[in-house]
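Colleague:
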Amino acid sequence: MRLAAVDGFLLDVPDTEANRRAFGGPSDARGNDAGFPQARVVTLTETGTHASIDARVGGFNGGERELAIAMAGSAAGMLVIMDRGFPGVELWKAYTAAGAHLLLRARSCVARRPVQILADGSYLARMNLAGQKGAHPGGVLVRVIEYQVDEGGIIRLLTDLLDPYVHPAAELATLYHERWEVESSYRQIKTFQRGPGQVLRSAGPDLVRQEVWAHLVVHHCLTRIIMELADGHGIDPDRLSFIKILKHVRRSVVRQCADTPAKVRKFMAMPASKVCRKLDNRARRLREAARLLKRPESKYSYRGKVQQRGPTGKARPKAIALNPTLLQ
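Quick note on numbering: the sequence shown equals residues -6 to 321 in our numbering.
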């Protein structure tokens, strides 16, 4: 089966009235608008190549699950991995009806009552709609896999692959961690391709959506180039440098180096000749890092869209008044 993952990310868009109405955005503790409006992008991404198979664009206040359901028809024949924010009966039925298989992380309160214990220690349970209990006709039968990584907490996975002999729990648990490849894909789009901290340029909602799709299409083309180079040299696409391919493509676009079939072949021949010498980053090292947040919230006031940052000036001497009680 083709392995894919569903997840989402946010993109800052210009702070115009039209964009604020169409997409919404974050707010502070008092309910005032804070920062830029944001477009929510959810993609169905192939984990092996980082290529986006399908995508949906919504607003900040919309849910990722609803956007993911809209992509179910594009997932036929795939094993689709999702994080714990996605499980739900509606999504489950949409993907399985489309011919896809699912491997979803779940919270401890979802499908927690075993119906049947399987040979590998996983078990069958029912996932119901809110307020339903037992073998309700509106629910679905799922297989639950529970495991730990080192001394960490319990990780729970749900899947529609019910046979423990054909699809052992250990193999599915290993496959789940391929979900992180979609995060690498988003990093390529947001940090390397778009640029870190950049705001999209479009002042209207329709143009914002067009700009988002332009980024996704360009990224898909880049992953296609990487895949063809990797296939030609018999190596994993993960080994090829996305940044170096991106720079080569940018130079070629500026010089109009690929506007005829002959020039396209020449364009592909140049990076192909450099795969072994410059583009190959070698096999990826096994690395890990804790997920920690440096600044959970800012102590400073938000700058409104009509407020302009003033020029810097010479600092004034500060007066320090001691509390008299401290001198007694």
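Yeah, the Cβ is synthetic: ideal placement off N, Cα and C, and Gly gets one too.
Pull up the DSSP beta-bridge partners for valine 50, would you.
Modeller: Position 57 of the sequence shown holds residue 50. For valine 50, which the question treats as bridged, DSSP gives the partners Val34.
Colleague: Taking only the alpha-carbon atoms, compute the straight-line gap between arginine 33 and leucine 84 and give it to the nearest angstrom.
Modeller: One-based indexing of the sequence shown puts residue 33 at position 40. One-based indexing of the sequence shown puts residue 84 at position 91. Their Cα atoms are separated by approximately 18 Å.
Colleague: Tell me whether valine 6 is buried or exposed, calling it buried when 16 or more other Cβ atoms sit within 10 Å of its Cβ.
Modeller: Taking the first residue of the sequence shown as 1, we reach residue 6 at position 13. Buried.
Colleague: So for arginine 100, helix, strand or coil by DSSP?
Modeller: The residue labelled residue 100 in the question sits at position 107 within the sequence shown. Coil, per DSSP.
Colleague: At what residues does the alpha helix (DSSP H) containing arginine 119 begin and finish?
Modeller: If you number the sequence shown from 1, residue 119 lands on position 126. Element bounds for arginine 119: not the alpha helix (DSSP H) but the beta strand (DSSP E), 116 to 120.
Colleague: Since histidine 226 and serine 45 are thought to touch, with beta carbons under 8 Å apart, how far apart are those beta carbons, to the nearest angstrom?
Modeller: The residue you call residue 226 lines up with position 233 of the sequence shown. The residue you call residue 45 lines up with position 52 of the sequence shown. Actually they do not touch by this definition, with Cβ atoms about 24 Å apart.
Colleague: Looking at the structure shown, is serine 234 part of a helix, part of a strand, or coil, going by DSSP?
Modeller: Here residue 234 refers to the residue found at position 241 when the sequence shown is read from its first residue. In this structure, serine 234 counts as coil in the three-state DSSP scheme.
Colleague: My understanding is that arginine 119 touches alanine 99, with C-beta atoms under 8 Å, so please give their C-beta distance in whole angstroms.
Modeller: Taking the sequence shown and counting its residues from 1, one reaches residue 119 at position 126. Taking the sequence shown and counting its residues from 1, one reaches residue 99 at position 106. Their Cβ separation, rounded to whole angstroms, is 13 Å, which puts arginine 119 and alanine 99 out of contact at 8 Å.
Colleague: Specify, as a first and last residue, the run of the beta strand (DSSP E) that methionine 220 falls within.
Modeller: The residue labelled residue 220 in the question sits at position 227 within the sequence shown. It is not in any beta strand (DSSP E) - methionine 220 instead sits in the alpha helix (DSSP H) that spans 198 to 226.
Colleague: Rounded to whole angstroms, what's the CA-CA distance from arginine 58 to tyrosine 179? Just pull it up for me.
Modeller: Working through the sequence shown from its first residue, we reach residue 58 at position 65. Working through the sequence shown from its first residue, we reach residue 179 at position 186. Distance between the alpha carbons of arginine 58 and tyrosine 179 is about 18 Å.
Colleague: Which whole-angstrom value is the C-beta distance of proline 198 and threonine 42, which I expect to be below 8 Å?
Modeller: Your numbering for residue 198 matches position 205 in the sequence shown. Your numbering for residue 42 matches position 49 in the sequence shown. Not a contact, Cβ separation roughly 30 Å.
Colleague: Please name the residue, chosen from Val135, Leu(-4) and Val205, that lies closest to isoleucine 110 on a Cα-to-Cα basis.
Modeller: Stepping through the sequence shown from its first residue, residue 110 is reached at position 117. Checking every option, the nearest Cα to that of isoleucine 110 belongs to Val135.
Colleague: Please confirm if the segment 56 to 73 is in contact with the segment 8 to 16, defined as three or more CB-CB distances below 8 Å between the two stretches.
Modeller: no
Colleague: With a threshold of 8 Å, are at least 3 pairs of Cβ atoms found where one atom belongs to the segment 137 to 150 and the other to the segment 175 to 193?
Modeller: Under the Cβ criterion (8 Å, minimum of three pairs), the segment 137 to 150 does not count as touching the segment 175 to 193.
Colleague: For isoleucine 62 and glycine 78, I'd like the C-alpha separation in whole angstroms.
Modeller: If you number the sequence shown from 1, residue 62 lands on position 69. If you number the sequence shown from 1, residue 78 lands on position 85. Roughly 13 Å between the two C-alpha positions.
Colleague: With distance defined between alpha-carbon atoms, name the residue in Ile138, Glu176 and Ile147 nearest to glutamate 164.
Modeller: Position 171 of the sequence shown, counting from 1, holds the residue named residue 164. If we check each option's Cα against that of glutamate 164, Ile138 comes out closest.
Colleague: Determine the DSSP secondary structure at valine 246, reduced to helix, strand or coil.
Modeller: Residue numbering aside, residue 246 sits at position 253 when the sequence shown is read from its first letter. Per DSSP, reduced to three states, the secondary structure at valine 246 is helical.
Colleague: Report yes if the CB atom of valine 82 is closer than 8 Å to the CB atom of asparagine 54, and no otherwise.
Modeller: Residue mapping note: residue 82 aligns to position 89 of the sequence shown, counting from 1. Residue mapping note: residue 54 aligns to position 61 of the sequence shown, counting from 1. It is not a contact, given that the beta carbons lie outside the stated cut-off.
Colleague: Just curious, the alpha helix (DSSP H) that tyrosine 169 is in, first and last residue?
Modeller: Within the sequence shown, the letter at position 176 stands for residue 169. Note, tyrosine 169: alpha helix (DSSP H), 162 to 169.
Colleague: Which value, in whole angstroms, describes the spacing of the CA atoms of valine 35 and aspartate 153?
Modeller: Position 42 of the sequence shown holds residue 35. Position 160 of the sequence shown holds residue 153. Taking the straight line joining both Cα atoms gives about 22 Å.
Colleague: Let me check understanding here. Comparing Cα to Cα, which of Lys237, Ala93, Val246 and Lys86 lies closest to isoleucine 74?
Modeller: Counted from its first residue, the sequence shown places residue 74 at position 81. Comparing Cα-Cα distances from isoleucine 74 to each of Lys237, Ala93, Val246 and Lys86, the minimum goes to Ala93.
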